[in-house]
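First to last, the protein sequences are chains D and B.
In this text, residue positions in the first sequence follow the working numbering: the first is 185, and each later residue adds one.
In this text, residue positions in the second sequence follow the working numbering: the first is 8, and each later residue adds one.
Backbone N, C-alpha and C fix where the C-beta goes; we use that ideal spot for every residue, glycine too.
Written below as structure tokens is the structure these notes are about.
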Amino acid sequence: MTVQDGNHGAEVAARTERRWATVSVIVIVVLAVLAAFAGIHQVTMPQPRVETIDPTRLHLSGEFVESNLGSVLEPNGAVTVRAIGQQYSFTPACILVPAQTPITLRATSADVVHGILVQGTNVNTMLVPGYVSEQLMRFEKLGDHLMPCQEFCSFGHEGMWGKVKVIDKEEFAAKAKSGGRLSCVGE
Amino acid sequence: MLVNRKLVLAHFWVAFAVFGLALFLGAWQMFVRSPLYTWISNPEWYYRSLTAHGTVMGYVFPTLVAMGFGYAISESALKQPLVGVRWAWAGFWLIVAGSVMAMVPVALGRASVLYTFYPPLIGSAFYYIGVVLVVVGSWIWVALMSINLRVWRREHPGEPVPLAMFANVAGSYLWAWTAVGAALELLLQIIPVALGWRTTIDAGLARVFFSWTLHAIVYFWLMPTYIAYYTIVPRAIGGRLYSDTMGRIAFILFLVVAMPIGIHHTFADPQVGAGFKFIHSAFTALVALPTLLTVFTICASVEIAARLRGGRGAFGWIMALPWDNPIMLAVTFSFVLLGFGGAGGLINMSYQLDATIHNTQWITGHFHLIFGGAIVIMYFAIAYDLWPHLTGRALPGLKLVRAQLWLWFVGMIVTTFPWHWVGILGMPRRMAYYDYSDPAISPQAFSVTLSAIGAFVLLISGLLFLYILATAHRQPAADAGAYRFSAPVHPVRTVPLALNSYAIWVALMIGLTVTNYAYPILTLAVRSDNSVPAVYVGAQ
Ligand SMILES: [Cu+2]
Chain D
185 MTVQDGNHGA EVAARTERRW ATVSVIVIVV LAVLAAFAGI HQVTMPQPRV ETIDPTRLHL
245 SGEFVESNLG SVLEPNGAVT VRAIGQQYSF TPACILVPAQ TPITLRATSA DVVHGILVQG
305 TNVNTMLVPG YVSEQLMRFE KLGDHLMPCQ EFCSFGHEGM WGKVKVIDKE EFAAKAKSGG
365 RLSCVGE
Chain B
8 MLVNRKLVLA HFWVAFAVFG LALFLGAWQM FVRSPLYTWI SNPEWYYRSL TAHGTVMGYV
68 FPTLVAMGFG YAISESALKQ PLVGVRWAWA GFWLIVAGSV MAMVPVALGR ASVLYTFYPP
128 LIGSAFYYIG VVLVVVGSWI WVALMSINLR VWRREHPGEP VPLAMFANVA GSYLWAWTAV
188 GAALELLLQI IPVALGWRTT IDAGLARVFF SWTLHAIVYF WLMPTYIAYY TIVPRAIGGR
248 LYSDTMGRIA FILFLVVAMP IGIHHTFADP QVGAGFKFIH SAFTALVALP TLLTVFTICA
308 SVEIAARLRG GRGAFGWIMA LPWDNPIMLA VTFSFVLLGF GGAGGLINMS YQLDATIHNT
368 QWITGHFHLI FGGAIVIMYF AIAYDLWPHL TGRALPGLKL VRAQLWLWFV GMIVTTFPWH
428 WVGILGMPRR MAYYDYSDPA ISPQAFSVTL SAIGAFVLLI SGLLFLYILA TAHRQPAADA
488 GAYRFSAPVH PVRTVPLALN SYAIWVALMI GLTVTNYAYP ILTLAVRSDN SVPAVYVGAQ
């Protein structure tokens with residue numbers, strides 16, 4: 185490109201500009217379409233439903249009473265994990281799950297905003313008091329993961345670390361036979 | 008020579024002074040939570056420091072830079088005396104008063120809620136009211152920029168508004184509307200609870216309100232940087248602006264599409280459904296457009312400068328660029344950091360990829376690259392470029408200026424690249440310390456140490472910057488002449504009305520905000536089952 189005078193130069197400049205603008209628009213449209221495709225085709229959409237819950241009554245009744253927290257094997261072979269976050273710990277502090285199984289995590293906060301992040305995976309969700317967060321998970325390999333609270337929740341935030349323990353599918357099924365709620369707290 | 012030099016200098020000096028203080032806090036935070044510091048620290052101090060660092064860097068510093076630069080632009084681009092100087096001072100003092108009012112409770116540990124507030128955590132009411140005063144002070148500036156342009160238009164009917172002023176006013180309108188989200192959160196939700204009039208709050212709704220401000224505020228921070236790209240860089244390196252029209256289109260696009268995308272900050276939140284998350288994700292892709300256009304136009308303008316200096320060949324012209332010119336250096340560093348930060352941004356905007364790095368150190372790395380890197384480097388360039396016109400004295404030495412810019416560039420990379428890495432490993436952010444003795448965390452110790460070293464390089468660079476500006480006041484007097492902006496290659500004689508006024512764009516900005524936010528906000532606002540008890544900070 186050279187610096188030109190007169191109308192011819194202006195036309196060339198405008199044409200070059202238009203070409204670049206077209207390329208930019210195409211790039212952006214492709215990105216948006218890719219995101220839409222991945223979202224719909226691979227079902228990686230975030231939780232569609234907004235569910236509320238009273239954080240002051242979690243311990244009294246309903247889904248998140250203490251005896252209902254932890255992992256449970258559903259009749260269809262899937263697993264549901266229920267957990268709550270409060271300043272400055274998770275209950276249960278160690279979540280026990282089977283490998284190679286579809287798992288639904290249902291969690292909420294009893295006080296302020298917290299977050300659950302399972303290291304080494306893309307399990308990552310916010311816990312906002314008043315709302316229930318739901319996240320689908322699946323772990324392929326056995327092993328332990330750290331599960332820090334990823335959102336600032338006041339002065340003890342840095343001490344709020346949970347754990348996820350992934351065990352063998354059969355071992356989990358054997359433990360779940362009694363129908364109770366499982367966790368690996370104290371193990 | 009600018010007339011209202013004191014006004015502009017006051018804005019810049021307060022901005023850079025608080026920036027220096029916040030840099031100290033940032034470096035200290037990096038140090039105490041790295042393995043370099045092995046003593047036991049009180050985590051509470053860390054969160055106080057983090058709140059102060061974020062509040063100053065997020066609200067006070069960029070707002071004052073945009074305002075000071077805006078007043079200088081109004082005066083020198085419109086070539087008319089600034090209208091409303093007294094109001095401008097009133098706005099300035101409101102910001103000073105608001106900042107002090109906000110920082111006292113933070114220092115006392117009564118408002119460690121970080122600059123993003125996090126209700127139902129509730130700190131001292133003085134903190135929030137101080138932040139509101141800062142915003143109100145900046146709204147006076149918005150009004151003044153609009154009034155000054157109106158006065159100019161009356162005297163110059165039909166003439167194209169100079170690009171610098173066109174962009175400046177677009178930036179001020181963007182800010183005025185962007186700030187409304189956080190203002191609603193503070194005035195309707197948080198302050199009544201902080202004052203004890205109410206005891207419950209809807210944390211989910213508050214997060215949606217804040218997301219309204221939280222994304223577009225970045226584009227407000229960015230405006231002075233983009234204005235400098237278009238109107239300072241080509242002139243300062245001896246070139247021409249490739250296209251005045253493209254500049255106008257880029258600023259209009261920022262005005263329209265920067266706003267209705269903030270829900271991408273709540274991809275992992277339970278209070279917004281998947282539909283609006285998707286819409287905001289798609290709109291976020293759009294906001295890359297003005298940046299892509301700008302990269303093209305500025306690279307072309309830089310190439311023109313090189314060719315005017317005798318540069319030849321498809322790539323040979325790059326060698327002909329004035330690499331010892333600080334503005335050349337600054338824009339190069341800014342573009343490189345913008346490239347890395349922008350690439351990270353594309354990852355954040357997709358909620359499939361976002362899940363991997365949401366709320367990890369990756370995010371800290373991303374926005375420090377964009378704000379601390381791409382944006383602040385151009386704030387330095389603006390100051391260096393304006394200073395001789397503000398002080399009536401030449402800068403003390405370009406060697407020192409170049410060293411300062413190099414240090415900042417290197418410091419930014421050393422700080423943010425390891426953050427991206429540990430973020431991918433899942434290291435959460437906003438933590439006062441990590442237990443490096445844990446075998447699952449100990450491999451990250453080296454990266455955190457690197458970041459801490461980078462923070463000290465940044466601190467040294469920032470102090471050098473302040474030193475250069477301060478000593479410039481003592482140089483022998485030298486007339487810098489009138490303050491000029493870049494001339495376009497093809498002189499602008501007429502501009503279509505749409506590229507010379509804001510009415511339809513402001514209407515579009517508000518309309519898009521309403522379509523992208525009204526439903527999520529209303530559905531939360533009409534419910535009564537989602538308010539939760541406030542948790543007061545520092546009261547335990
Ligand atoms: Cu927490």
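**Study point:** Whether residue 237/D touches residue 314/D by CB criterion (8 Å)
**Key:** By one-based count along the first sequence, residue 237/D stands at place 53. By one-based count along the first sequence, residue 314/D stands at place 130. With contacts defined by Cβ atoms closer than 8 Å, residue 237/D and residue 314/D form a contacting pair.
Review point. Roughly how many whole angstroms lie between the Cα atoms of residue 311/D and residue 274/D?
Key: Counted from its first residue, the first sequence places residue 311/D at position 127. Counted from its first residue, the first sequence places residue 274/D at position 90. So the two alpha carbons sit approximately 11 Å from each other.
Review point. What residues in the segment 363–376 of chain B bring their beta carbon closer than 9 Å to a beta carbon of chain D?
Key: 363, 364, 365, 366, 367
Point to revise | Below-8 Å beta-carbon distance, residue 209/B vs any chain D residue | key: Here residue 209/B is taken as the residue at index 202 of the second sequence, counted from 1. Judged by the 8 Å Cβ criterion, residue 209/B is in contact with chain D.
Check your understanding: Where in the segment 378–435 of chain B do unbroken runs of the alpha helix (DSSP H), each at least 4 residues long, occur, reported from the N-terminal end onward?
Key -> 383–398, 405–431
Check your understanding: Using 8 Å as the threshold, is the segment 81–97 of chain B in touch with the segment 250–262 of chain B, meaning 3 or more CB pairs across them?
Key -> no
Exercise for review: Below 6 Å CB to CB, which residues in the same chain sit around residue 360/B once its five sequence neighbours on both sides are set aside?
Suggested key: Position 353 of the second sequence holds residue 360/B. For residue 360/B, where only same-chain residues beyond five positions count, the Cβ hits under 6 Å are 354.
Check your understanding: Excluding the five sequence neighbours on either side, which residues of its own chain have a C-beta within less than 6 Å of the C-beta of residue 399/B, listed in chain order?
Key -> What you label residue 399/B is simply residue 392 of the second sequence in a count that begins at 1. Same-chain partners within the cutoff: 484.
Check your understanding: Checking contacts by CB at 8 Å: is residue 192/B closer than that to chain D?
Key -> In the second sequence, residue 192/B corresponds to position 185, counting from 1. No, residue 192/B does not count as interfacial toward chain D.
Point to revise | Rounded straight-line distance, which links the Cα of residue 425/B to that of residue 70/B | key: In the second sequence, counting from the first residue as 1, residue 70/B sits at position 63. In the second sequence, counting from the first residue as 1, residue 425/B sits at position 418. Their backbone Cα atoms lie some 29 Å apart in a straight line.
Exercise for review: Could you work out which residues of chain D lie near residue 284/B, taking near to mean beta carbons separated by less than 7 Å?
Suggested key: The residue labelled residue 284/B in the question sits at position 277 within the second sequence. Contacts between residue 284/B and chain D, judged by CB atoms closer than 7 Å, involve 230 in chain order.
Review point. Thinking just about the alpha-carbon of each residue, which of 226/B, 221/B, 403/B is nearest to the one in residue 482/B?
Key: Residue 482/B sits at position 475 when you count from the first residue of the second sequence. That would be 403/B, whose Cα lies nearest to the Cα of residue 482/B.
Exercise for review: Classify residue 337/D as helix, strand or coil using the three-state DSSP reduction.
Suggested key: Walking along the first sequence from the start, residue 337/D turns up at place 153. The DSSP-derived three-state label of residue 337/D is coil.
Point to revise | Under 9 Å (Cβ pairs) to chain D, residues found in the segment 489–522 of chain B | key: 496, 497
Point to revise | At least three beta-carbon pairs within less than 8 Å, the segment 453–471 of chain B to the segment 19–39 of chain B | key: Touching, per the Cβ criterion.
Exercise for review: Report yes or no: do the segment 274–285 of chain D and the segment 358–367 of chain D share at least 3 C-beta pairs separated by less than 8 Å?
Suggested key: The segment 274–285 of chain D, when compared against the segment 358–367 of chain D, does touch it at the 8 Å Cβ threshold.
Point to revise | Reference residue 316/B; option with closest CA among 23/B, 371/B, 169/B, 246/B | key: Indexing the second sequence from 1 puts residue 316/B at position 309. Its Cα nearest to that of residue 316/B, the residue 246/B stands out among 23/B, 371/B, 169/B, 246/B.
Exercise for review: Kindly list the residues whose CB is nearer than 7 Å to the CB of residue 111/B, restricted to its own chain and excluding five residues on each side of it in sequence; keep chain order.
Suggested key: By one-based count along the second sequence, residue 111/B stands at place 104. The answer, listed in chain order, is 133.
**Study point:** Buried or exposed (CB count within 10 angstroms, at least 16 for buried), residue 306/B
**Key:** The count along the second sequence starts at 1 and reaches residue 306/B at position 299. Answer is exposed; the Cβ neighbour count stays below 16.
Check your understanding: Between the C-alpha atoms of residue 373/B and residue 359/D, what's the straight-line distance to the nearest angstrom?
Key -> Position 366 of the second sequence, counted from the first residue, corresponds to residue 373/B. Position 175 of the first sequence, counted from the first residue, corresponds to residue 359/D. Computed Cα separation, rounded: 44 Å.
Review point. Listing by chain order, which chain B residues have their CB less than 7 Å from the CB of residue 304/D?
Key: Against the first sequence, residue 304/D aligns to sequence position 120. Annotation: Cβ neighbours of residue 304/D in chain B (cutoff 7 Å, chain order): 433.
Exercise for review: Tell me, please, whether the CB atom of residue 236/D is closer than 8 Å to any CB atom in chain B?
Suggested key: The sequence position of residue 236/D within the first sequence is 52, counting from 1. Yes, residue 236/D lies at the interface with chain B (some Cβ there is under 8 Å from its Cβ).
Review point. So, is residue 369/B buried or exposed, given that buried needs 16 or more other C-beta atoms within 10 angstroms?
Key: Residue mapping note: residue 369/B aligns to position 362 of the second sequence, counting from 1. Taking all protein chains in view, the Cβ of residue 369/B is crowded by 16 or more other Cβ atoms within 10 Å, so the residue is classified as buried.
**Study point:** Short Cβ contact (8 Å threshold) for residue 216/D with residue 292/B
**Key:** Within the first sequence, residue 216/D is the residue found at index 32, counting from 1. Within the second sequence, residue 292/B is the residue found at index 285, counting from 1. The answer is yes: Cβ separation under 8 Å.
Point to revise | Close beta carbons around residue 335/B, own chain, < 7 Å, minus the five adjacent residues each side | key: Translated into the one-based positions of the second sequence, residue 335/B becomes position 328. Excluding sequence neighbours, residue 335/B sits near 244, 328, 329.
Review point. Within the 8 Å Cβ cut-off, does residue 270/D reach chain B?
Key: As a working mapping, residue 270/D is identified with position 86 in the first sequence. By this cut-off, residue 270/D is not an interface position.
Exercise for review: Would you kindly work out how many angstroms separate the C-alpha atoms of residue 256/D and residue 291/D, rounded to a whole number?
Suggested key: On the first sequence, position 72 is the one that residue 256/D refers to. On the first sequence, position 107 is the one that residue 291/D refers to. If I take the Cα positions, the gap works out to 14 Å.
Check your understanding: Using a Cβ-Cβ distance under 8 Å, would residue 20/B count as near chain D?
Key -> Locating residue 20/B in the second sequence gives position 13, counting from the first residue. Residue 20/B does not count as touching chain D.
Point to revise | Short-range partners of chain D found in the segment 327–359 of chain B, where Cβ spacing is below 9 Å | key: So the list reads 353, 356, 357, 358, 359, given in the order they occur along the chain.
Review point. Should residue 298/D be listed as close to ligand 1, given that the test is whether its C-beta is under 7 Å from any heavy atom?
Key: As a first step, residue 298/D is located in the first sequence; it is residue number 114 there, counting from the start. Result yes, Cβ under 7 Å from ligand 1.
Exercise for review: Count the CB pairs spanning the segment 316–331 of chain D and the segment 347–359 of chain D that are closer than 8 Å, and state whether there are at least three.
Suggested key: yes
Check your understanding: Among 282/D, 298/D, 270/D, which residue has its Cα nearest to the Cα of residue 264/D?
Key -> Here residue 264/D corresponds to residue number 80 of the first sequence, with the count starting at 1. Closest option to residue 264/D, Cα to Cα, is 282/D.
Review point. Taking 8 Å as the CB-CB limit, is residue 532/B close to chain D?
Key: Start at 1 with the first residue of the second sequence, and residue 532/B comes out as number 525. Closer than 8 Å: no.
Practice item. Flag residue 187/D as yes if its beta-carbon sits less than 8 Å from any beta-carbon of chain B, otherwise no. Key: The sequence position of residue 187/D within the first sequence is 3, counting from 1. Note that residue 187/D scores a pLDDT of 45, beneath 50, so its modelled location is shaky; the value from the coordinates is reported in the next line. Residue 187/D counts as touching chain B.
Exercise for review: Could you confirm whether any beta carbon from chain D is found closer than 8 Å to the beta carbon of residue 544/B?
Suggested key: The sequence position of residue 544/B within the second sequence is 537, counting from 1. Taking Cβ atoms only, chain D reaches closer than 8 Å to residue 544/B, which makes this a yes.
Practice item. For the alpha helix (DSSP H) holding residue 473/B, just list the boundary residues, first then last. Key: In the second sequence, counting from the first residue as 1, residue 473/B sits at position 466. Taken as a continuous stretch (DSSP letters only), the alpha helix (DSSP H) holding residue 473/B covers 452–479.
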